[in-house]
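Student: Each protein sequence line maps, in turn, to chains D and C. The opening residue of the first sequence carries number 19 in this note's numbering; numbering runs sequentially from there. The opening residue of the second sequence carries number 277 in this note's numbering; numbering runs sequentially from there. My structure is below; once you've seen it, I'll send some questions.
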Amino acid sequence: GIQVEQSPPDLILQEGANSTLRCNFSDSVNNLQWFHQNPWGQLINLFYIPSGTKQNGRLSATTVATERYSLLYISSSQTTDSGVYFCAVGPSSNFGNEKLTFGTGTRLTIIP
Amino acid sequence: DAGVTQSPTHLIKTRGQHVTLRCSPISGHKSVSWYQQVLGQGPQFIFQYYEKEERGRGNFPDRFSARQFPNYSSELNVNALLLGDSALYLCASSSPLGIGTDTQYFGPGTRLTVL
């Protein structure tokens, strides 16, 4: 099956700093989503981005499908950005099936 | 509109027991998927149901089963519980197409502890 790798595994930043999280995947995809998991376990949708670039406030994401990677940018970090960020993909070979394969996540800690 | 809802929020069972978890999708969504998240790992796909039919199954034993009802809500059943079944169980729903090319929205999860 498809492999998803996220880096770095852990990131500790001062409030106000910028960060870049990376997601590499091993096969072509028809679905790629970024999630933020809060301390209570809720997975919050950030982006649906199988290709291209999107921005939402301080967050933006870019997926280069031909090179099989996606980047999540967080600017001017706030303490509320702390948590685990997951990349999840649905390979194009699964067309008709909604299985998402998740990476192992990046744990982001923002220090005041 | 309400998001994906799951019940119960927490559950404690003992080894060998059976458990039923419930999920209601976002209104208008016909696809429901179930995931298991063990502490420290990313969620793992268990099942997807669309229009009451199984569309996909992950690498889980036959002790795990699910079904979808005419109103598109779903149940996940786990028999003969093992300590290793302790996890956060997440339900996700997506748009009427359910073919894997749309955003999936997750519920708050059910935290199962097996003693």
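Beta carbons: idealized from backbone N, C-alpha and C, even for Gly. Since the model is a prediction, treat every value here as computed from it, not as a measurement.
From the DSSP output, in three-state form, read off C:G360 for me.
Tutor: The residue labelled residue 360 of chain C in the question sits at position 84 within the second sequence. Of the three classes helix, strand and coil, the one that applies to C:G360 here is helix, per DSSP.
Student: Using the Cβ count rule (16 or more neighbours within 10 Å means buried), how would you classify C:W310?
Tutor: If you number the second sequence from 1, residue 310 of chain C lands on position 34. With 16 or more Cβ atoms within 10 Å of its Cβ, C:W310 is classed as buried.
Student: For the putative contact between D:T81 and D:G70, defined by C-beta atoms under 8 angstroms, what is the C-beta separation to the nearest angstrom?
Tutor: Taking the first residue of the first sequence as 1, we reach residue 81 of chain D at position 63. Taking the first residue of the first sequence as 1, we reach residue 70 of chain D at position 52. Yes, they are in contact, since the Cβ atoms of D:T81 and D:G70 sit about 6 angstroms apart, within 8 angstroms.
Student: Which chain D residues are close to C:P384, counting only those with a beta carbon under 8 angstroms from its beta carbon?
Tutor: Against the second sequence, residue 384 of chain C aligns to sequence position 108. What C:P384 touches in chain D: W58, G59 and Q60.
Student: Can you list the residues of chain D that C:Q324 reaches, using a CB-CB cut of under 7 angstroms?
Tutor: As a position in the second sequence, residue 324 of chain C is number 48, starting the count at 1. Those are N115, E116 and K117, listed as they occur along chain D.
Student: Ignore the nearest five residues each way along the sequence and tell me which others in D:S100's own chain have a CB closer than 7 angstroms to its CB.
Tutor: If you number the first sequence from 1, residue 100 of chain D lands on position 82. Closer than 7 angstroms at the Cβ level, and outside the excluded window around D:S100, lie L126, T127 and I128.
Student: Taking Cβ-Cβ distances shorter than 8 angstroms, what residues in chain D pair up with C:G379?
Tutor: For the purposes of this step, residue 379 of chain C is taken as the residue at position 103 of the second sequence. For clarity, residue 379 of chain C is Thr in the given sequence; the question names Gly instead. Those are Q51, N63 and Y66, listed as they occur along chain D.
Student: Enumerate in chain order the residues of its own chain whose CB-to-CB distance from C:V314 is below 7 angstroms, with the five nearest sequence positions on each side excluded.
Tutor: Position 38 of the second sequence, counted from the first residue, corresponds to residue 314 of chain C. Correct list, in chain order: A363.
Student: Secondary structure at C:T379, three-state DSSP: helix, strand or coil?
Tutor: Your numbering for residue 379 of chain C matches position 103 in the second sequence. DSSP places C:T379 in coil when its eight states are reduced to three.
Student: Measuring straight from C-alpha to C-alpha, what distance separates C:L358 and C:L366?
Tutor: Counted from its first residue, the second sequence places residue 358 of chain C at position 82. Counted from its first residue, the second sequence places residue 366 of chain C at position 90. Using only the alpha carbons, I get a separation of about 18 angstroms.
Student: Could you give the DSSP three-state label for D:S208: helix, strand or coil?
Tutor: Residue 208 of chain D cannot be examined here, being either before or after the span of chain D that is shown, 19 to 130.
Student: Can you list, in chain order, the residues of its chain with a C-beta nearer than 6 angstroms to that of C:S341? Leave out the 5 residues immediately preceding and following it.
Tutor: Walking along the second sequence from the start, residue 341 of chain C turns up at place 65. Result list for C:S341: N353, in chain order.
Student: Given a threshold of 16 other Cβ atoms within 10 Å of its Cβ, counted over all protein chains shown, does D:L64 qualify as buried or as exposed?
Tutor: For the purposes of this step, residue 64 of chain D is taken as the residue at position 46 of the first sequence. The residue in question, D:L64, is buried, as its Cβ has 16 or more Cβ neighbours within 10 Å.
Student: Residue range of the beta strand (DSSP E) that D:A79 falls in?
Tutor: In the first sequence, counting from the first residue as 1, residue 79 of chain D sits at position 61. Segment L77 to V82, the beta strand (DSSP E) holding D:A79.
Student: Per DSSP, what kind of secondary structure is D:D28 in: helix, strand or coil?
Tutor: The count along the first sequence starts at 1 and reaches residue 28 of chain D at position 10. If DSSP states are grouped into helix, strand and coil, D:D28 belongs with the strands.
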